[in-house]
Amino acid sequence: MAKAFNLSDFDNEAARNPFPTYRMLREHDPVHRNADGSYFLTRYDDVVQSFRHPAMSSDKKIAFKPRFGDGPLYTHHTTSLVFNDPPIHTRVRKLLAAAFTPRKLAELEPVVERVIDDLLDKLEAMGDFEIIEDYALALPTQVISDMLGVPEEQRHLLRGYSNLILGALDPVVAPAELRAGEGAVVEFEEMLNELIAKRRENPRGSQIGEVLAALIFGEVDGERLSPVELVQNCIFLLNAGHETTANLIGNSVDMLLQASDQLQRLQDDPELIRSAIEESLRYQSPLQIGNRKAMEDVVFGETTIPAGSFIHCCIAAANRDPAQFDDPENVDISRNPNRQIAFGLGKHICMGNTLGRIEGRVAIGKFIDRFPNLKRNGTSQLSPRVRFRGFDKLPVSVT
Numbered sequence: 043m044a045k046a047f048n049l050s051d052f053d054n055e056a057a058r059n060p061f062p063t064y065r066m067l068r069e070h071d072p073v074h075r076n077a078d079g080s081y082f083l084t085r086y087d088d089v090v091q092s093f094r095h096p097a098m099s100s101d102k103k104i105a106f107k108p109r110f111g112d113g114p115l116y117t118h119h120t121t122s123l124v125f126n127d128p129p130i131h132t133r134v135r136k137l138l139a140a141a142f143t144p145r146k147l148a149e150l151e152p153v154v155e156r157v158i159d160d161l162l163d164k165l166e167a168m169g170d171f172e173i174i175e176d177y178a179l180a181l182p183t184q185v186i187s188d189m190l191g192v193p194e195e196q197r198h199l200l201r202g203y204s205n206l207i208l209g210a211l212d213p214v215v216a217p218a219e220l221r222a223g224e225g226a227v228v229e230f231e232e233m234l235n236e237l238i239a240k241r242r243e244n245p246r247g248s249q250i251g252e253v254l255a256a257l258i259f260g261e262v263d264g265e266r267l268s269p270v271e272l273v274q275n276c277i278f279l280l281n282a283g284h285e286t287t288a289n290l291i292g293n294s295v296d297m298l299l300q301a302s303d304q305l306q307r308l309q310d311d312p313e314l315i316r317s318a319i320e321e322s323l324r325y326q327s328p329l330q331i332g333n334r335k336a337m338e339d340v341v342f343g344e345t346t347i348p349a350g351s352f353i354h355c356c357i358a359a360a361n362r363d364p365a366q367f368d369d370p371e372n373v374d375i376s377r378n379p380n381r382q383i384a385f386g387l388g389k390h391i392c393m394g395n396t397l398g399r400i401e402g403r404v405a406i407g408k409f410i411d412r413f414p415n416l417k418r419n420g421t422s423q424l425s426p427r428v429r430f431r432g433f434d435k436l437p438v439s440v441t
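Here the numbering used here is used: the first residue of the sequence shown is 43, the next is one more, and so on.
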């Protein structure tokens, strides 16, 4: 059965609960060869090796050409930080780091807390609500929009753009979905070009926590981001900055509702919030699958993956590997050690991981403190996407 697995055949139901399939592969075919010649890794040590090995490439200029042609999706995904190798990756990452300096993060934490307090006040008045739209999405959307100066009246567009652009990365994408993704990139570009032009005219007009001017005017070794790099990486930051955190918050609430004893532990001991967030990242990783290309023959266990092969690195499976984690299918909010790899490793580790952890920690900690009677209130709906795990709907009651 493990040999018959093919990532491209994953249907919506399998995508919503992939963990039994990943466990089967990890136990019986951990370096699995797909029908298209790509490989699927499920063991923790193998996924870690794939992220750290110097012969592994993240550049997708060749891989994305058959799918995206020369269109807007190709321009976006091959220009954004995550799908480039050094020296381009190194230079762009240093320039984007202006958004995540310790000083900027220190400025952002009170902004995060203020946004959360305002959202919780609104939720308290509602009693019953849908936590994804009303909280999990609202928080990071406001924070990342503040960072890049997106006006209030345009922020409602971000989720739709993000779903279409990131959805184009799934193993199988319909032509209509690709066309919609291209339209989303074009509209996103128009929005950001306008914001960038305004900030160029008024570089000192930034609000607290805004980083757009730093991205426009920042220099490393006398170089700035090119106009294309600037726009496409702002799109990347907006997508990554709200998608991953929204999924982390929603997945954390779901995890605690599944494991009610752990919810009670956290309510009894709020100091466990940091390790609870790490456990959520392990248990339901927002990014489920990363990708690399082997630039030379690389050995994983007893299998040699030949040069030129495309590799799917299953973070979700690695984070439930019993060789690394005791009792991995169950939730333990005090798990220690917990070397989960939800944000990746090596030179491509997510540069927003500190901000994401801050948002998750404050959002969940304040939420369960404000609403001790949290419970489900209807049917939740998981997104059917394979590469990302998160909820489209998660209705709850707090009365």
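Virtual Cβ for every residue (Gly too), placed ideally from N, Cα, C.
*Return the CA-CA distance between Ile475 and Thr441, expressed in angstroms with no decimal places.*
A question about residue 475 goes unanswered here, because the residues of the chain that appear run from 43 up to 441.
*Shortest alpha-carbon distance to Gly283 belongs to which of Asp88, Thr396, Glu321 and Val428?*
Gly283 has its Cα closest to that of Thr396, out of Asp88, Thr396, Glu321 and Val428.
*Going by Cα to Cα distance, which pick from Glu172, Asp176 and Arg197 is closest to Thr183?*
Looking at the Cα atoms, Arg197 is the closest of the given residues.
*Between the C-alpha atoms of Ile347 and Asp88, what's the straight-line distance to the nearest angstrom?*
Ile347 and Asp88: Cα-Cα distance of roughly 12 Å.
*asked:* Counting C-beta neighbours from all protein chains within 10 Å, is the total for Ser187 16 or more, i.e. buried, or is it exposed?
replied: By the 10 Å Cβ count, Ser187 comes out buried.
_Status (buried if at least 16 other CB within 10 Å, exposed otherwise) for Ser46_ = The identity of residue 46 in the sequence shown is Ala, whereas the question assumes Ser. Answer is exposed; the Cβ neighbour count stays below 16.
_Once the 5 residues before and after Ala222 are set aside, which same chain residues still bring their CB inside 7 Å of it?_
Excluding sequence neighbours, Ala222 sits near Leu206.
*Pick from Leu165, Asp296 and Leu272: whose alpha carbon is nearest that of Val253?*
Check the Cα spacing between Val253 and each of Leu165, Asp296 and Leu272: the tightest is with Leu272.
*Going along the chain, which unbroken runs of the beta strand (DSSP E) with 3 or more residues stay wholly within the stretch 55 to 137?*
The DSSP assignment places 73 to 75 and 81 to 83 as complete runs of the beta strand (DSSP E) inside the stretch 55 to 137, in order along the chain (cut-off: 3 residues).
*Pick out whichever of Cys276, Arg362 and Ala218 has its Cα sitting closest to the Cα of Glu231.*
It is Cys276 whose Cα lies nearest to the Cα of Glu231.
*With a threshold of 16 other CB atoms inside 10 Å of the CB of Pro312, please say whether the residue is buried or exposed.*
That one is exposed.
*His70: buried (16+ other C-beta within 10 angstroms of its C-beta) or exposed?*
Here His70 is exposed, its C-beta having fewer than 16 other C-beta atoms within 10 Å.
*Give the straight-line distance between the Cα atoms of Glu55 and Asp163, rounded to the nearest whole angstrom.*
The alpha-carbon of Glu55 is positioned some 36 Å away from that of Asp163.
*Identify the continuous alpha helix (DSSP H) that holds Asn378 and give its terminal residues.*
Element bounds for Asn378: n/a, residue is neither H nor E.
*Where does Gln184 sit, in a helix, a strand or coil, going by DSSP?*
Shown here, Gln184 sits in a helix according to DSSP, grouped into three states.
*Would you kindly work out how many angstroms separate the C-alpha atoms of Glu320 and Cys355, rounded to a whole number?*
Answer to the nearest angstrom: the Cα atoms are 20 Å apart.
*Which residues mark the beginning and the end of the alpha helix (DSSP H) in which Ser317 is found?*
Start and end: Ile315 to Tyr325.
_In this structure, how does DSSP classify Gln423 when only helix, strand and coil are distinguished?_
DSSP places Gln423 in strand when its eight states are reduced to three.
*So what does DSSP say about Glu265, is it helix, strand or coil?*
The three-state secondary structure of Glu265, taken from DSSP, is strand.
*Identify every residue that forms a DSSP beta bridge with Val341.*
Paired residue(s): Thr346.
*Within 8 Å, strictly: CB atoms of Val73 and Tyr81*: The answer is yes: Cβ separation under 8 Å.
_Applying the 10 Å Cβ sphere with the 16-neighbour rule, what's the burial state of Glu224?_
So Glu224 ends up on the buried side.
_Rounded to whole angstroms, what is the Cα-Cα separation between Val428 and Arg246?_
Cα to Cα, Val428 sits roughly 42 Å from Arg246.
*How would you call Asp374, buried or exposed, if buried means at least 16 neighbouring beta carbons within 10 angstroms?*
Asp374 comes out buried.
*asked:* For Ser376, which residues in the same chain have their Cβ closer than 7 Å to its Cβ, ignoring the five residues on either side in sequence?
replied: Excluding residues within five positions, the ones whose Cβ falls inside 7 Å are Leu314 and Ser317.
_Span separating the alpha-carbon of Lys417 from that of Glu219_ = The alpha-carbon separation between Lys417 and Glu219 amounts to approximately 35 Å.
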